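One structure is given here, and the rest of the page talks about it.
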Amino acid sequence: MSIHTALNTLRPEASQAPESGIVEVFNYGRDRAGLIPLWVGEGDLPTPAFISEAAQDALLAGETFYTHQRGIPELRQALAFYHARLYGKPFDAERFFVTSGGMPAIQIALRMVAGQGDEVVVPTPAWPNFAAAAEVGGAKVVEVPLTYGNAGWTLDLDRYFEAVTPRTKALFLNSPCNPTGWTATRAELQAILDFARARGLWIVSDEVYTRFYYEGERSPSFYDVAEPDDRILYVNTMSKNWAMTGWRVGWLSAPPAFGQVIENLVQYSSSGTPKFLQRGAVAALDQGDAFIDFQRERAEAAREIVCSGLEKTGRVRLVRPAGAFYAFFSVDGEPDSRALALRLVDEAGVGLAPGDAFGAGGAGFMRLCYLRNLDQVREATRRLADWLAK
18 MSIHTALNTL RPEASQAPES GIVEVFNYGR DRAGLIPLWV GEGDLPTPAF ISEAAQDALL
78 AGETFYTHQR GIPELRQALA FYHARLYGKP FDAERFFVTS GGMPAIQIAL RMVAGQGDEV
138 VVPTPAWPNF AAAAEVGGAK VVEVPLTYGN AGWTLDLDRY FEAVTPRTKA LFLNSPCNPT
198 GWTATRAELQ AILDFARARG LWIVSDEVYT RFYYEGERSP SFYDVAEPDD RILYVNTMSK
258 NWAMTGWRVG WLSAPPAFGQ VIENLVQYSS SGTPKFLQRG AVAALDQGDA FIDFQRERAE
318 AAREIVCSGL EKTGRVRLVR PAGAFYAFFS VDGEPDSRAL ALRLVDEAGV GLAPGDAFGA
378 GGAGFMRLCY LRNLDQVREA TRRLADWLAK
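For what it's worth, my numbering labels the leading residue of the sequence shown as 18, then goes sequentially.
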């Protein structure tokens, strides 16, 4: 049997999994000398020393064996305390489940609520990995484009709800949103929750960027309006807040009654997250609030540099994002974002992510991650402005 014949015998959900449009541009410009890489969703700071040292101490102490499938008790309790500080009410440690990154948390959530023949409704533009994970599992993603206007990006709730069919099992919401920065209000979250309750739908809530919010300590959350036993699966990660993208430690928050189901799904995927990495996560949660504040202040300053610099060119359509750390903008006369991303690598020395990688709603836009050294952000903005002026 030839390899091409063998490829045809693979399940279509696997063989037809889409290539990431972000990774395509990343690979194209990866080794370019002098290029400023603003294409992926991470900052440029290494993990703070107090976090790395906690993991190192655990590693040297021999914490290298199989561990709790749900996460070590110390980390689950640290997550409960962290959420209690953030949301001003108590949380049960039994509702937190440690995963090997935010992506496995999403995959487990999807395996719990949607599969072959089911539908999941997703506002777009959206981080593409969620839709790909749903479709690899056999579910169909129904995209509902956000509306873009003078007020920025908005979600038409009527349109969102009208996308629900008898096959819909879950509503997915990422707020603050990657890539647009759109952030749901408390009233919008309440309306979505009321709608889901009335129809017995699940909500998968990606709140990864909740601390990167420019109008307060955190963004509005389903935790503000929901009861502990509501059908909401919260997915999150250590990656963004604490500069731990390469650690691959995340968590899933769910009613404790689903604990054995989640434990089983962890067992049959990663079989647990390394214990020494979890020790670092405990340190981050217990001691990392000042670092989060620093990151958010740095992001806010970078947002102003990028947005004001690009606006002055007169060729960019852009609204300052309410949350996350991305500028998502369109360029006059450049409708093909993939082609533009490749040209900017070659001609401007700046790496951006093409908007069409984020679903139909992102066509014609570019994503710039500005969580970086401010001098580098200034230089990247200058290069883009010079290129746009040509």
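We treat Cβ as the ideally placed atom computed from N, Cα and C, and that holds for glycine. Source: prediction; values computed, not measured.
Bridge partners - F382, DSSP secondary structure assignment = For the purposes of this step, residue 382 is identified with residue 365 of the sequence shown, where counting begins at 1. S347, per the DSSP bridge assignment.
message = Among the candidates T197, R235, T185, whose CA atom is the shortest distance from the CA of I220?
response = Residue 220 sits at position 203 when you count from the first residue of the sequence shown. Selected option, being the one with the closest Cα: T185.
ask   = Taking the alpha-carbon positions, what's the A316 to L24 distance?
value = By one-based count along the sequence shown, residue 316 stands at place 299. By one-based count along the sequence shown, residue 24 stands at place 7. If I take the Cα positions, the gap works out to 44 Å.
task = For the beta strand (DSSP E) containing F229, list its first residue and its last residue.
result = By 1-based counting over the sequence shown, the position of residue 229 is 212. It is not in any beta strand (DSSP E) - F229 carries neither H nor E in the DSSP assignment.
query = Using DSSP with H/G/I as helix, E/B as strand and the rest coil, what is R337?
reply = To locate residue 337, count along the sequence shown from 1; it is residue 320. Here R337 sits in coil by DSSP.
task = Kindly indicate the opening and closing residues of the alpha helix (DSSP H) around I209.
result = Within the sequence shown, numbered from 1, the residue matching residue 209 stands at position 192. Start and end: 203-216.
task = Report the rounded CA-to-CA distance for M383 versus G79, giving the unit in angstroms.
result = As a working mapping, residue 383 is identified with position 366 in the sequence shown. As a working mapping, residue 79 is identified with position 62 in the sequence shown. Near 46 Å, if we compare the C-alpha coordinates of G79 and M383.
ask   = With 16 other CB atoms within 10 Å as the buried threshold, where does K407 fall?
value = In the sequence shown, residue 407 corresponds to position 390, counting from 1. Burial call: exposed.
request  = Report the residue from R337, W404, R355 whose alpha carbon sits nearest the alpha carbon of N167.
outcome  = As a position in the sequence shown, residue 167 is number 150, starting the count at 1. Out of R337, W404, R355, R337 has the C-alpha closest to the C-alpha of N167.
key: Per-residue burial, P237 [other beta carbons within 10 Å of its own, 16 or more giving buried]   = As a position in the sequence shown, residue 237 is number 220, starting the count at 1. Buried, since its Cβ has 16 or more Cβ neighbours within 10 Å.
message = Which of the three DSSP states is assigned to W264 in this structure?
response = Mapped onto the sequence shown, residue 264 falls at position 247. Here W264 sits in helix by DSSP.
request  = Could you tell me which residues DSSP pairs with V165 in its beta bridges?
outcome  = Position 148 of the sequence shown holds residue 165. Per the sequence presented here, residue 165 reads as Tyr, with Val not at that position. Beta-bridge pairing links Y165 to W170.
query = Does the beta-carbon distance from P162 to G340 come in below 7 Å?
reply = Counting from one through the sequence shown, the residue named residue 162 turns up at place 145. Counting from one through the sequence shown, the residue named residue 340 turns up at place 323. No. Outside cutoff.
ask   = Taking buried to mean at least 16 other C-beta atoms within 10 Å of its own C-beta, is K329 buried or exposed?
value = As a working note, residue 329 is residue 312 in the sequence shown. Classification of K329: exposed, given that the 10 Å Cβ count is below 16.
key: Where K292 sits in the DSSP three-state scheme   = What you label residue 292 is simply residue 275 of the sequence shown in a count that begins at 1. Correct three-state label for K292: helix.
query = Is it right to say R320 is buried, meaning 16 or more other beta carbons lie within 10 angstroms of its own, or is it exposed?
reply = Here the question's residue 320 lines up with position 303 in the sequence shown. Its Cβ being crowded by 16 or more others within 10 Å, R320 is buried.
query = From V153 to R28, what does the alpha carbon distance come to, in whole angstroms?
reply = As a first step, residue 153 must be located in the sequence shown, where it is residue number 136. As a first step, residue 28 must be located in the sequence shown, where it is residue number 11. Going from the Cα of V153 to the Cα of R28 covers about 9 Å.
ask   = From I279 to A66, what distance separates their C-alpha atoms?
value = Within the sequence shown, residue 279 is the residue found at index 262, counting from 1. Within the sequence shown, residue 66 is the residue found at index 49, counting from 1. I279 and A66: Cα-Cα distance of roughly 32 Å.
task = Inspect the beta-carbon positions of E179 and K157 and report whether they are closer than 7 Å.
result = As a position in the sequence shown, residue 179 is number 162, starting the count at 1. As a position in the sequence shown, residue 157 is number 140, starting the count at 1. Result no, Cβ atoms of E179 and K157 do not sit closer than 7 Å.
ask   = Does the distance from the CB of I68 to the CB of A300 come in under 7 Å?
value = Stepping through the sequence shown from its first residue, residue 68 is reached at position 51. Stepping through the sequence shown from its first residue, residue 300 is reached at position 283. The answer is yes: Cβ separation under 7 Å.
request  = Pull up the CB-CB distance for G58 and N195, whole angstroms please, since I reckon it's below 8 Å.
outcome  = Translated into positions along the sequence shown, residue 58 becomes position 41. Translated into positions along the sequence shown, residue 195 becomes position 178. Contact holds; Cβ gap of about 6 Å.
ask   = Among V333, R360, A380, which residue has its Cα nearest to the Cα of A402?
value = Position 385 of the sequence shown, counted from the first residue, corresponds to residue 402. Per the Cα distances, V333.
inquiry  = Counting only C-beta atoms, is V225 closer than 7 Å to chain B at any point?
reply    = No chain B is part of this structure, which consists of one protein chain only.
query = So what does DSSP say about S32, is it helix, strand or coil?
reply = Along the sequence shown, read from residue 1 onward, the residue named residue 32 stands at position 15. DSSP places S32 in helix when its eight states are reduced to three.
query = Is L385 near L52, with beta carbons less than 7 Å apart?
reply = Counting from one through the sequence shown, the residue named residue 385 turns up at place 368. Counting from one through the sequence shown, the residue named residue 52 turns up at place 35. No, these two residues do not count as a Cβ contact at 7 Å.
task = Return the bridge partner residues of V57 from the DSSP annotation.
result = Position 40 of the sequence shown, counted from the first residue, corresponds to residue 57. The partner list for V57 (beta bridge, DSSP) is empty, contrary to what the question assumes.
task = Determine the contact status of L188 and L218, defining contact as a CB-CB distance below 7 Å.
result = Reading the sequence shown from its first residue, position 171 is the one you call residue 188. Reading the sequence shown from its first residue, position 201 is the one you call residue 218. Yes. Within cutoff.
message = Extract the residue ranges of the alpha helix (DSSP H) inside the segment 103-164, only unbroken runs of 4 or more that lie entirely within it.
response = 119-130, 145-153, all fully within the segment 103-164.
inquiry  = Output needed for Y349: all residues of its chain with C-beta closer than 8 Å, excluding positions within five of it in sequence on either side, in chain order.
reply    = For the purposes of this step, residue 349 is taken as the residue at position 332 of the sequence shown. The question names Tyr, yet the displayed sequence has Asp at residue 349. So the list reads R332, V333, R334, once near-sequence residues are dropped.
message = Check this for me: beta carbons of L250 and A271, under 7 Å apart or not?
response = Taking the first residue of the sequence shown as position 1, residue 250 is located at position 233. Taking the first residue of the sequence shown as position 1, residue 271 is located at position 254. Their beta carbons are under 7 Å apart, which means L250 touches A271 by this criterion.
task = Tell me whether K292 is buried or exposed, calling it buried when 16 or more other Cβ atoms sit within 10 Å of its Cβ.
result = Indexing the sequence shown from 1 puts residue 292 at position 275. It counts as buried.
message = On the CB-based measure, 16 or more other CB atoms within 10 Å of its CB, does A101 come out buried or exposed?
response = On the sequence shown, residue 101 is found 84 positions in, with the first residue counted as 1. So A101 counts as exposed.
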